[in-house]
Every structure is written in C-alpha cells, then in structure tokens.
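Comments concern the structure below.
Numbering (this note's numbering), first residue to last: 562 to 639.
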C-alpha cells in the first residue's frame, strides 16, 4: 500500500475502534492529480475487500470496513 492508501485505511480503522460505523475521509487537495491518487487508493482498498464505499464525491468519500478489513487492521496493530 502506498502512503495515501495506508492513511485512508488507518483513519477508517481508528474510527472503527472508536465506535464509528461509517468513516468520512475528506480529500486534502482538489487538484486533478491528487483526486486521481485518492480514487486509485480507494479503489485498491475496495478491490482487496478491505472497505465498502457508500458514497464518493469530488472532495470526500464515505466508507465502512469489511470483516476482512477489520481482521487486517487487527493484524497490523498487534
């Protein structure tokens, strides 16, 4: 995973640990290049069944962790 992918996943996992069901990640930059990097990272997480995207716009994404994502988060935080 690249840095953006790791950041998105770790923040979603931290939200899950604090009791959040749906995590909203707001993109830090609205440049076309960065938006592509964010969407590629989100697609990577989704393709690997770590998250489910509930909503995505130009500047944010709402997502939930899958069971596989929770297990993965548990394994890396040990």
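Note that beta-carbon positions come from the ideal geometry of N, C-alpha and C, so glycine has one too.
Could you have a look at residue i and say whether DSSP puts it in helix, strand or coil?
i	result
residue 583	coil
residue 635	helix
Less than 7 Å separating the Cβ of residue i from some heavy atom of the ligand ZN?
i	result
residue 564	The ligand ZN is absent from the structure shown, which contains no ligand whatsoever.
Considering only residues of the same chain and omitting the five flanking positions on each side of residue i, which have a CB-CB separation below 8 Å?
i	result
residue 627	610, 611, 612, 613
residue 616	622, 623
Taking the alpha carbon of residue i as the reference point, which residue from the options has its own alpha carbon closest?
i	options	result
residue 584	568, 592, 601, 593	568
residue 622	578, 566, 586, 577	586
residue 631	579, 590, 597	579
residue 590	565, 625, 624	565
residue 582	629, 625, 635	625
Does residue i pass the burial test, meaning 16 or more other C-beta atoms within 10 Å, or should it be called exposed?
i	result
residue 592	exposed
residue 637	exposed
Tell me which same chain residues have a C-beta within less than 7 Å of the C-beta of residue i, skipping the five on either side of it?
i	result
residue 633	611
residue 606	566, 569, 570, 612
Checklist entry - If you scan the region 584 to 633 from start to end, which runs of the alpha helix (DSSP H) of 4 or more residues do you find wholly inside it? => result 593 to 608
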